[in-house]
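So the structure is just underneath, and the comments pick up after that.
In our numbering, the protein residues as written are 1 to 630.
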């Protein structure tokens with residue numbers, strides 16, 4: 001027992017890491033996944049490049065792991081590598097909480113509570129960068145706290161090196177730089193300057209200890225940043241650097257210039273996604289619920305108690321470090337308008353777990369009676385078990401084989417050589433790239449999606465498809481996209497949908513203009529038993545700022561509405577009016593059920609648009625043309 005006590009601070013984090021790893025292995029994805037995970041799986045294997053901001057450290061370490069560890073296929077190996085980094089994050093978090101509280105039991109519960117948060121657990125179960133980012137965050141907090149307890153230039157140099165290394169993995173660690181800077185300032189950080197000289201061996205010059213330590217720390221921080229040279233060195237060697245698109249026209253996915261490198265590393269492609277709006281407010285207001293989702297009804301208030309305990313005890317430096325890092329994280333996540341934003345809250349959840357550890361110590365010290373401590377221990381065990389049971393279904397990815405199944409089915413179809421496969425969603429295209437660039441299957445196919453490059457011709461699904469059709473290669477959608485037929489002729493073909501140009505020559509002409517914003521330049525009419533099939537040809541005169549629903553009405557010779565078509569959001573979810581380009585032609589189909597015993601005569605067809613849910617009309621309906629009923 002005495003020997004265990006001597007080595008407890010080494011054995012406990014190892015045990016936590018192994019236990020966490022065993023849990024993450026249970027929920028680990030067995031194969032290729034979609035989205036960023038799928039991209040990392042093939043990019044790391046090829047020591048290639050990914051989306052900005054690059055993640056060079058993850059690609060280097062992950063690629064080495066894929067090539068050196070002979071377990072499963074390369075996709076599974078990177079999933080396993082991510083699980084290992086997640087387990088290391090739990091060990092690092094234990095060290096940080098134990099350094100802060102000097103209470104091993106509280107540190108164990110805090111680390112376990114974070115290990116079981118649903119978002120972190122989910123990310124630990126497949127290839128992703130957020131687990132390693134959490135590991136660096138916890139490690140930096142631990143080193144900063146260790147420096148506070150025993151200030152030394154060596155510890156600070158180690159901190160600087162790890163901070164620089166973390167920045168080569170994920171730039172989100174930069175959100176913590178102000179927090180760490182203030183922490184060191186408030187902790188009265190300073191080097192011994194007065195009366196101290198330090199001689200560097202082998203040099204004729206003497207420098208003050210302050211200058212030497214400053215240079216040491218600066219060098220320690222800057223040295224790992226050299227890993228970013230991986231991007232310009234490896235990007236041109238990646239098999240997907242230049243995709244063959246058409247004779248003499250390759251699709252270049254990385255701008256291998258100095259300006260391109262700077263834009264890439266700084267992530268300027270995503271700067272337009274950052275801004276304050278109603279969504280930002282909604283995310284801030286929803287954050288307390290996120291904490292309850294991650295930690296449950298016991299963990300959420302316990303973390304809040306820990307935060308207030310630090311303020312009550314006037315642990316200002318430590319509180320500044322955690323509170324500013326926590327606030328910067330949730331503020332950025334509120335401002336950054338991407339779909340998978342939950343991952344960016346992980347560092348905030350890590351801080352909350354630290355505060356849970358502080359809260360546990362505070363409760364434990366308030367009453368020393370065995371009965372009370374026994375009840376508290378039971379509640380803490382219940383807290384962890386509740387997290388385990390509640391979050392397991394959200395994090396379990398052990399049966400996540402749908403990406404492999406989807407692309408196995410698609411690639412088993414008789415796809416013509418050199419075909420272009422298109423999706424509106426980059427995420428579902430990444431498994432194809434894995435199959436192509438890792439398994440060397442159907443490298444002749446070209447998988448495209450919107451924003452494959454920042455160029456305007458790749459801004460949305462229609463522009464990508466237009467460019468693909470212009471390459472004079474067979475073009476297919478990888479799934480049905482209801483509404484896109486307003487622009488293209490789409491026909492199901494085995495597991496794919498063949499795409500060709502839509503008819504743009506109406507049977508009947510029109511000169512109607514809707515609210516000076518949309519021209520109706522023609523229409524088609526076909527009688528089908530007791531119905532009319534009508535196609536209205538729209539052409540935007542200006543860029544539309546709303547997604548509109550379209551309608552057609554049939555008026556009798558007296559001007560009374562006697563029938564109407566099926567109102568619908570034109571273009572569906574895939575090509576709504578906000579995406580339409582000025583001057584293009586869209587063919588919008590309606591079916592009008594005719595009333596029985598319709599008298600012969602001249603009937604009028606009117607059309608219009610309105611926005612939902614407000615039912616706000618885009619100007620007045622316009623007369624498209626007339627129809628002779630016999």
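From the three backbone atoms N, C-alpha and C, an ideal C-beta is built for every residue, glycine too.
Between residue 295 and residue 352, the gap from beta carbon to beta carbon is short of 8 Å. With distances taken between CA atoms, residue 518 lies nearest to 582 out of 80, 582, 123, 528. Boundaries of the beta strand (DSSP E) harbouring residue 518: 518-528, taken from the DSSP string. In the structure shown, residue 584 adopts coil according to DSSP, grouped into three states. The beta carbons of residue 159 and residue 143 sit closer together than 8 Å.
Of 92, 285, 349, the smallest CA-CA separation from residue 9 is found for 92. Between residue 131 and residue 85, the alpha-carbon positions lie close to 6 Å from each other. By a beta-carbon distance limit of 8 Å, residue 465 does not contact residue 478. Their separation comes to about 12 Å.
Excluding five sequence positions before and after residue 450, the CB atoms of its chain that fall closer than 7 Å to its own CB belong to 424, 458, 459, 460, 461, 464, given in chain order.
Residue 597 carries a coil assignment under DSSP once its states are collapsed to helix, strand and coil.
With 16 or more other CB atoms across the displayed protein chains lying within 10 angstroms of its CB, residue 136 is buried. In the DSSP assignment, residue 316 falls within the alpha helix (DSSP H) that extends over 316-335. For the set 500, 114, 503, 535, the Cα lying nearest the Cα of residue 510 is the one of 535. Secondary structure note for residue 62: its alpha helix (DSSP H) is the uninterrupted segment 56-68. In the displayed model, residue 176 falls within a helix according to three-state DSSP. By the criterion of at least three beta-carbon pairs nearer than 8 Å, the stretch 309-318 is not in contact with the stretch 368-384. Every alpha helix (DSSP H) stretch that sits fully inside the stretch 324-400 and reaches 4 residues is listed by chain position as 346-366, 370-395.
Within the stretch 241-276, complete beta strand (DSSP E) segments of at least 3 residues are found at 242-246, 249-252, given in chain order. Looking from the CA of residue 545, the closest CA among 612, 186, 557, 502 belongs to 612.
In this structure, DSSP gives residue 419 a state outside helix and strand, which the three-state scheme calls coil. In its chain, beyond the 5 residues on either side, 83, 86, 87, 124, 125 have a beta carbon closer than 7 Å to the beta carbon of residue 24. Under the 8 Å Cβ criterion, the stretch 268-284 counts as touching the stretch 322-340, having at least three qualifying pairs.
For residue 468, the three-state secondary structure derived from DSSP is helix. When secondary structure is reduced to three states using DSSP, residue 74 falls in the helix class. Taking 8 Å as the cut-off, the beta carbon of residue 625 is found no closer than this to the beta carbon of residue 514.
The three-state reading of DSSP puts residue 232 in helix, counting H, G and I together. DSSP lists 518 as the beta-bridge partner residues of residue 514.
Scanning 66, 73, 571 for the CA closest to the CA of residue 81 turns up 66. Beta bridge pairing from DSSP links residue 548 with 611. Ranked by how close their Cα comes to the Cα of residue 162, the residues 219, 75, 487 have 219 in first place.
Residue environment for residue 408: exposed (fewer than 16 other C-beta atoms within 10 angstroms of its C-beta).
Each residue's CA atom was taken as its position, placing residue 441 and residue 7 some 51 Å apart. Between residue 415 and residue 468, the C-beta spacing is not below 8 Å.
About 10 Å separates the beta carbons of residue 50 and residue 41, which is beyond the 8 Å limit, so they are not a contact pair. Taking the Cα positions, residue 433 is about 18 Å away from residue 30. Residue 591 counts as exposed, since fewer than 16 other beta carbons sit within 10 angstroms of its beta carbon.
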